[in-house]
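See below for the structure under consideration.
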Amino acid sequence: MSAVPLRIAVDLVFYTGRKGGTESYARGLFPALAAHDDLRFVGIGNRELAEQPPAWFPGEIVSLPVSGENRVAWAAAVALAVGPRALAIGADILHCPSNFGPAVRLLPTVVTVHDILAIRHPEWVQGGLSRGVQALTKATVRAAGRIITDSQASATDVHELLGRPMADIDVIHLGVKPVDVLARTGESVGRPYVLAGGNRMPHKNFDGLLEAWTFIPAAERPKLVITGSHGDDPLRPVVERLGLTDDVELREWVSADELATLYDQASAYAFPTLFEGFGLPVLEAMARGCPVIGSDIPVLHEVGGDDMAYFDPRDPAAIATAIRKVVNDPDTQTAMAAAGRKRAETFTWQRAADATAEIYRAMASAR
9 MSAVPLRIAV DLVFYTGRKG GTESYARGLF PALAAHDDLR FVGIGNRELA EQPPAWFPGE
69 IVSLPVSGEN RVAWAAAVAL AVGPRALAIG ADILHCPSNF GPAVRLLPTV VTVHDILAIR
129 HPEWVQGGLS RGVQALTKAT VRAAGRIITD SQASATDVHE LLGRPMADID VIHLGVKPVD
189 VLARTGESVG RPYVLAGGNR MPHKNFDGLL EAWTFIPAAE RPKLVITGSH GDDPLRPVVE
249 RLGLTDDVEL REWVSADELA TLYDQASAYA FPTLFEGFGL PVLEAMARGC PVIGSDIPVL
309 HEVGGDDMAY FDPRDPAAIA TAIRKVVNDP DTQTAMAAAG RKRAETFTWQ RAADATAEIY
369 RAMASAR
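Under our numbering, the first residue of the sequence shown is numbered 9, with each subsequent residue one higher.
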């Protein structure tokens with residue numbers, strides 16, 4: 009007689025399709041987990057997600073009466089309602105993939121903590137959110153049965169700043185889709201450009217990147233395309249103040265297809281971040297054969313290794329120098345593109361899924 013499959017409840021209350029890295033994680037991981045026949049998945053989603061279930065999720069979606077657009081509502085739902093709902097549907101394991109989890113553990117629970125920005129750098133968390141995010145992060149890490157982090161850097165943060173033993177933390181690197189799975193579009197920016205992207209939180213350091221552009225002589229200055237804004241872009245006044253209106257294009261959130269084309273046509277991808285839990289755009293760019301130039305911080309070395317160029321993210325002149333070295337040298341671009349593709353091939357979602365499935369099984373066996 010075959011064993012009864014494990015029933016895995018997945019917190020998807022956060023999911024809207026417009027939240028960046030945590031959603032990329034969910035879209036990459038759970039389709040790959042579908043290859044494991046001994047696992048069955050049920051998503052616990054927000055109202056909008058239940059009304060239009062995503063094709064990528066390998067199971068049904070049950071809903072909670074909250075909107076994924078309301079941060080306070082979904083945070084409260086994760087802390088207080090997801091656990092009871094998982095218990096009610098007969099789940100064996102609850103996986104919360106978006107940094108936060110129940111404040112009280114009612115069943116075996118694993119939480120993916122991508123980063124603890126609000127603990128490490130509370131000054132970078134918007135307005136009055138810092139204390140709330142800190143409290144929820146601490147409660148999550150305290151209550152979870154196991155913690156998954158994307159990087160050794162994040163695991164060290166969770167251990168050193170929140171006191172969770174390293175034995176309770178599993179480091180599972182993220183993956184990237186094979187290039188032939190990513191669709192292409194025909195849109196072109198025209199002029200040679202460097203691509204960058206992300207939300208406009210201070211740690212993304214786009215102000216520093218823009219200042220670096222003023223250190224590049226106008227005659228050799230490539231265009232800078234920055235994606236990821238919502239509504240009024242706080243970078244626009246910075247662009248105007250620095251006199252870069254003709255050299256910088258600010259774009260709102262772009263689709264996966266549009267982003268793939270932007271990677272394909274860019275001279276390089278710039279990643280000036282001051283803090284990351286992983287740095288998935290590094291792998292996405294590498295997979296498309298786009299040379300990556302990024303911050304000289306430990307987590308990016310963990311992701312990019314020797315196959316990207318580095319700069320001091322707090323030194324605009326150094327950023328400019330690193331960018332000029334790459335974009336002005338076609339041979340360097342070609343070599344970096346080839347090395348980056350090869351490195352990206354070692355980071356797969358199937359590998360991440362296999363490691364995650366082993367955690368589910370180990371937790372079920374320990375009950």
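Positions of the beta carbon are idealized from the N, C-alpha and C atoms, including for glycine.
Near E292, what residues of its chain come up, given a Cβ to Cβ distance below 7 Å and the 5 sequence neighbours on each side ignored? V184 and Y271
Span of the alpha helix (DSSP H), counted from its first residue to its last, around G32: Note on identity: in this sequence residue 32 is Ser, with Gly being the wrong assignment. Its alpha helix (DSSP H) spans residues G29 to L41.
Comparing C-alpha positions only, which one of V18, E56 and G28 sits nearest to G205? G28
Secondary structure, alpha helix (DSSP H): runs of 4+ residues fully inside the region 58-128: 79-88, 90-96 and 125-128
How would you label G216, buried or exposed, when you count the other beta carbons within 10 angstroms and need 16 or more for buried? buried
In whole angstroms, what is the alpha-carbon distance linking T145 and A126? 8 Å
Kindly indicate the opening and closing residues of the beta strand (DSSP E) around K231. K231 to S237
Quick one, are the C-beta atoms of V311 and V290 less than 7 Å apart? yes
Thinking just about the alpha-carbon of each residue, which of G67, A147 and G25 is nearest to the one in F38? G67
Within 10 Å of its beta-carbon, does T148 have 16 or more other beta-carbons around it, so buried, or fewer, so exposed? buried
Whose CA, out of I101, G239 and R229, lies closest to the CA of D46? I101
Helix or strand or just coil, what does DSSP make of A343? helix
From L203, H129 and A85, pick the residue whose C-alpha is nearest to that of R259; which is it? L203
Go through its chain and collect everything with a Cβ distance to G36's Cβ below 8 Å, but skip five positions before and after it. L182, G183, V184, K185, W357 and A360
Please report the distance separating the alpha-carbon of V12 from that of Y368. 14 Å
Among the candidates F319, E228 and A40, whose CA atom is the shortest distance from the CA of L282? F319
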